[in-house]
Every structure is written in C-alpha cells, then in structure tokens.
Amino acid sequence: GQQLNQSPQSMFIQEGEDVSMNCTSSSIFNTWLWYKQDPGEGPVLLIALYKAGELTSNGRLTAQFGITRKDSFLNISASIPSDVGIYFCAGQTGANNLFFGTGTRLTVIP
Amino acid sequence: ETGVTQSPTHLIKTRGQQVTLRCSSQSGHNTVSWYQQALGQGPQFIFQYYREEENGRGNFPPRFSGLQFPNYSSELNVNALELDDSALYLCASSLGTGTAFFGQGTRLTVV
Numbered sequence: 003g004q005q006l007n008q009s010p011q012s013m014f015i016q017e018g019e020d021v022s023m024n025c026t027s028s029s030i031f032n033t034w035l036w037y038k039q040d041p042g043e044g045p046v047l048l049i050a051l052y053k054a055g056e057l058t059s060n061g062r063l064t065a066q067f068g069i070t071r072k073d074s075f076l077n078i079s080a081s082i083p084s085d086v087g088i089y090f091c092a093g094q095t096g097a098n099n100l101f102f103g104t105g106t107r108l109t110v111i112p
Numbered sequence: 021e022t023g024v025t026q027s028p029t030h031l032i033k034t035r036g037q038q039v040t041l042r043c044s045s046q047s048g049h050n051t052v053s054w055y056q057q058a059l060g061q062g063p064q065f066i067f068q069y070y071r072e073e074e075n076g077r078g079n080f081p082p083r084f085s086g087l088q089f090p091n092y093s094s095e096l097n098v099n100a101l102e103l104d105d106s107a108l109y110l111c112a113s114s115l116g117t118g119t120a121f122f123g124q125g126t127r128l129t130v131v
C-alpha cells in the first residue's frame with residue numbers, strides 16, 4: 003500500500019516560533035489533508051487541498067499541495083500552547099480511503 | 021464537534037470474544053469509513069460503506085466485518101479478538117468522496 007512519510011517525527015519549539023512539517027509519498031494523490039489529533043481523541047481536519055500547487059491558509063496554518071502530487075507541507079506561524087498535539091497528513095486517491103502519514107508530535111514550550 | 025459520534029468510548033474484551041462498535045454519521049453524510057489506529061501509529065483503513073454496501077476494504081482479515089443502516093449509521097464487528105486488535109477504532113463520515121470527518125474513537129483493549 004501507499005507509504006506516507008512525515009518529518010520531523012517530533013518537534014520541541016518555543017511559544018511564538020513558526021513550525022514547518024512535511025509529508026512525502028511514493029504515490030500520487032488527488033487530495034491532501036492535514037489533521038491534528040489530541041490524546042484519546044479522533045483526528046480533527048485542519049486543511050484540505052484538492053489541486054496540485056494549491057496553497058491554502060486557515061488562520062495561522064498554511065498548507066501546500068506539491069506540484070508532483072507526491073508531497074505536501076504544513077506551516078504553523080506564531081505557535082501557541084494549544085498547538086500541542088500530533089499532526090497527520092493524509093492522501094486520498096480516486097478511491098475513498100485515506101492513507102495516513104506517520105505523524106509529527108509537536109510540543110510547544112511556554 | 022464533527023457531528024460524528026461513536027460508542028462506546030472505551031471497552032475491554034477477552035481474547036477470542038466478539039465486539040461490536042457503533043458510529044452515527046454526521047447529518048447529510050452517506051458514507052462511513054472505519055480505521056484502526058494502533059498506539060503511536062497513523063490510522064489504517066479497514067473498510068468503507070456507501071449506501072449500505074461495502075465500498076472498499078483495506079488489508080484486514082474477514083473477521084473484521086461491518087454494516088451500514090438506512091439512516092447511514094454503521095457498525096464494526098470484530099470476531100475472535102486477538103491481543104493485536106487492541107487499538108483506537110475511528111469512524112469517519114463523508115458525503116460520497118467528500119472530506120472525511122472523524123468521531124472521537126472507541127478505545128478497545130483486548131486482554
């Protein structure tokens with residue numbers, strides 16, 4: 003099956019710093035999605051990207067759908083303590099199931 | 021709040037038993053997908069139901085089965101539970117191939 007690799011695996015940053023994480027795949031996807039998951043909860047959708055090259059923002063979050071359709075990145079500006087959590091990328095092909103990345107664990111130090 | 025609700029939130033079962041997990045989809049959504057998330061991993065696709073029919077399946081054995089009802093709610097059934105089945109089981113609903121929204125999950129522990 004498709005393998006999605008996220009990097010970095012974990013990050014420790016100071017409150018107020020910007021964050022960047024990315025996701026690469028061996029396969030092409032038609033849609034890229036970014037989710038945030040808190041412990042014991044389900045993933046919450048942050049941003050959805052539907053077209054190669056698309057750059058989309060949601061508040062302090064910005065994500066891009068790579069031109070090759072095999073990668074995506076997520077940036078968080080001016081991090082705050084509630085940004086703590088695990089961030090997952092997910093790719094979707096013509097079929098309906100999502101393939102998830104390995105996750106990036108973000109810790110924000112006040 | 022995504023409008024997707026799962027029950028129960030937690031349960032403990034013994035190896036060899038059977039379990040049924042339930043999911044109510046978001047209003048207006050006709051598609052439900054189930055995922056298994058082992059500790060420290062990303063969610064893995066189990067299967068999807070669309071208009072009461074299975075519409076795609078991941079790499080899971082037949083002892084994982086499901087149902088979707090006319091109101092689009094869904095059940096995941098797992099027979100002959102194994103210790104490795106311990107995980108967070110997530111349900112996601114969508115309108116066809118649209119964006120999937122997840123429930124809070126059911127934490128299953130098999131002992």
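Protein chains in written order, with this note's numbering: chain A, 3 to 112; chain B, 21 to 131. We put the CB at the ideal spot given by N, CA and C, even for glycine.
{"Item": "Residues that A:A50 contacts on chain B, provided the C-beta gap is smaller than 8 Å", "Value": "T119"}
{"Item": "Short-range partners of chain B found in the stretch 55 to 72 of chain A, where Cβ spacing is below 9 Å", "Value": "none"}
{"Item": "Within-7 Å CB hit, A:P45 to chain B", "Value": "yes"}
{"Item": "Chain B contact residues for A:G103, given Cβ-Cβ distances below 9 Å", "Value": "G62"}
{"Item": "Nearest to A:R62 (by Cα), restricted to the options A:S81, A:W36 and A:G44", "Value": "A:S81"}
{"Item": "Option nearest A:E56 by Cα separation, candidates A:F101, A:G87 and A:L76", "Value": "A:L76"}
{"Item": "Classification of A:I69 by the beta-carbon crowding that lies within 10 angstroms, buried from 16 upward", "Value": "exposed"}
{"Item": "Nearest to A:I15 (by Cα), restricted to the options A:V86, A:I49 and A:K72", "Value": "A:V86"}
{"Item": "Sequence ranges, beta strand (DSSP E) only - wholly within the stretch 26 to 52 of chain B, length at least 3", "Value": "30 to 33 and 39 to 44"}
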